[in-house]
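Working notes for the structure below.
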Amino acid sequence: MPQGVTYIKIQKAAEEIGHGTVACQLNVSDPSSCDRFYNLLAEKFTSVDVLVNNAGIIGNKPATAFDMGQMQAVLNVNLLGAMYVTKALWPLLEKSKDARIINISSGMGSLQEVQSGGYTAYRLSKWSLNGYTMLLAADAPAHIKVNCICPGWVQTDMGGPNAPRTVQQGADTAVWLASEKNIPTGKFFRDRKEINW
Ligand SMILES: NC(=O)c1ccc[n+]([C@@H]2O[C@H](COP(=O)([O-])OP(=O)(O)OC[C@H]3O[C@@H](n4cnc5c(N)ncnc54)[C@H](OP(=O)(O)O)[C@@H]3O)[C@@H](O)[C@H]2O)c1
111 MPQGVTYIKI QKAAEEIGHG TVACQLNVSD PSSCDRFYNL LAEKFTSVDV LVNNAGIIGN
171 KPATAFDMGQ MQAVLNVNLL GAMYVTKALW PLLEKSKDAR IINISSGMGS LQEVQSGGYT
231 AYRLSKWSLN GYTMLLAADA PAHIKVNCIC PGWVQTDMGG PNAPRTVQQG ADTAVWLASE
291 KNIPTGKFFR DRKEINW
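Each residue of the sequence shown is one higher than the one before, starting from 111 at the first, in my numbering.
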């Protein structure tokens with residue numbers, strides 16, 4: 111895979127963090143890429159403690175547009191991507207004493223927060239990601255906690271420059287779920303508080 115701008119940024123971030131941080135490229139919507147990612151991790155580490163399924167793309171068309179190409183592309187990354195990565199890393203997550211899976215969802219994935227139409231592919235992908243979070247939490251062993259979060263409207267490429275939240279603010283709840291000693295499982299959070307599905 112060509113080394114894109116994101117990868118160069120991630121490599122730089124890994125160098126800044128130090129402590130053996132490794133940057134690697136992954137296409138979450140390609141199961142073989144996820145398996146290669148597992149092999150790379152398994153060579154270096156005996157377990158995985160935290161998995162954040164963050165990759166996401168937007169799909170803005172309304173339900174009446176019937177844009178199946180957009181639907182497939184968005185579901186492939188936002189839903190199946192999270193599932194492929196989780197499946198690939200599962201053996202290493204199982205070996206952790208206290209593993210956390212954090213799925214980055216959205217308020218647009220809340221059934222309670224449908225205030226306007228449009229964004230059908232995106233909303234469906236996040237509703238489904240929330241459902242996957244609940245189902246995986248129910249089936250996972252007690253030492254693997256599975257939750258999802260809404261980061262709020264964040265200043266990223268997706269959120270745009272007018273978003274009210276910084277990246278640090280958007281990441282706060284995920285960092286909290288990754289590092290807090292005792293956390294629940296199978297919940298949906300924003301600003302460290304549980305929110306409605
Ligand atoms: N920004 C917001 O206001 C907001 C609000 C609610 C929820 N979210 C959620 O937060 C998460 C992060 O979004 P963001 O705002 O940071 O969006 P972003 O600026 O568009 O970044 C999306 C990231 O996903 C990666 N990605 C896309 N497709 C991928 C694939 N097939 N394999 C691996 N990586 C892939 C992109 O990598 P490349 O650049 O290399 O393609 C990029 O790093 C998403 O799940 C999004 O739905 C964002």
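Using N, Cα and C, we set each Cβ at its ideal position, and we do this for glycine too.
For this session: Kindly examine ligand 1 and report whether one of its heavy atoms sits closer than 6 angstroms to the Cβ of Trp263.
Result: For Trp263, the distance from the CB to the nearest heavy atom of ligand 1 is below 6 angstroms.
Problem set entry | Nearest to Ser238 (by Cα), restricted to the options Asp249, Met218, Ala250 | Nearest of Asp249, Met218, Ala250 to Ser238, Cα basis: Met218.
For this session: Might you give, ordered along the chain, the residues of its own chain that have their beta carbon closer than 8 angstroms to the beta carbon of Tyr148, omitting 5 neighbours on each side?
Result: In its chain, beyond the 5 residues on either side, Ala198, Leu199, Pro201, Leu202 have a beta carbon closer than 8 angstroms to the beta carbon of Tyr148.
Problem set entry | Buried versus exposed, by CB contacts within 10 Å (16 or more), Gly169 | Gly169 is buried by the Cβ-count criterion.
Exercise. Does the beta-carbon distance from Arg302 to Trp286 come in below 7 angstroms?
Worked result: For Arg302 and Trp286, yes; Cβs fall inside 7 angstroms.
Problem set entry | Cys144, enclosing alpha helix (DSSP H) - first and last residue | 141 to 154 is the span of the alpha helix (DSSP H), which, as asked, contains Cys144.
Problem set entry | Straight-line gap, Met111 to Met193 (C-alpha atoms, nearest Å) | Note that Met111 scores 46 on pLDDT, short of 50, meaning its location in the model is unreliable; the coordinates nonetheless yield the value given after this. Rounded to whole angstroms, the gap between the alpha carbons of Met111 and Met193 is 21 angstroms.
For this session: Confirm the yes/no value for this check: CB of Gly179, any heavy atom of ligand 1, distance under 6 angstroms.
Result: Relative to ligand 1, the beta carbon of Gly179 is positioned no closer than 6 angstroms to any heavy atom.
Exercise. In terms of alpha-carbon separation, which member of Met268, Asn272, Val264 lies closest to Asp282?
Worked result: Among Met268, Asn272, Val264, the Cα nearest to that of Asp282 belongs to Val264.
For this session: Go ahead and pull the three-state DSSP assignment for Lys236.
Result: Secondary structure at Lys236: helix, using DSSP grouped into helix, strand and coil.
Exercise. What did DSSP end up calling Ala288 once you bin it into helix, strand or coil?
Worked result: Looking at Ala288 - three-state DSSP - the assignment turns out to be helix.
Exercise. How is the beta strand (DSSP E) around Val115 delimited, first residue to last?
Worked result: Looking at the DSSP string, Val115 is not in any beta strand (DSSP E); the run it does join, the alpha helix (DSSP H), is 115 to 127.
For this session: Could you tell me the distance, in whole angstroms, from the CA atom of Cys144 to the CA atom of Ala175?
Result: Rounded to the nearest whole angstrom, the C-alpha separation of Cys144 and Ala175 is 32 angstroms.
For this session: Within the same chain, show all residues whose beta-carbon is closer than 7 angstroms to that of Lys207, passing over the 5 residues directly before and after it, in chain order.
Result: His253.
Problem set entry | Minimum C-alpha distance to Asn163 - residue among Gly227, Val195, Asn137, Asp140 | Looking at the Cα atoms, Val195 is the closest of the given residues.
Exercise. Looking only at C-alpha atoms, which of Phe299, Gly296, Gly280, Tyr242 sits nearest to Leu185?
Worked result: Among Phe299, Gly296, Gly280, Tyr242, the Cα nearest to that of Leu185 belongs to Tyr242.
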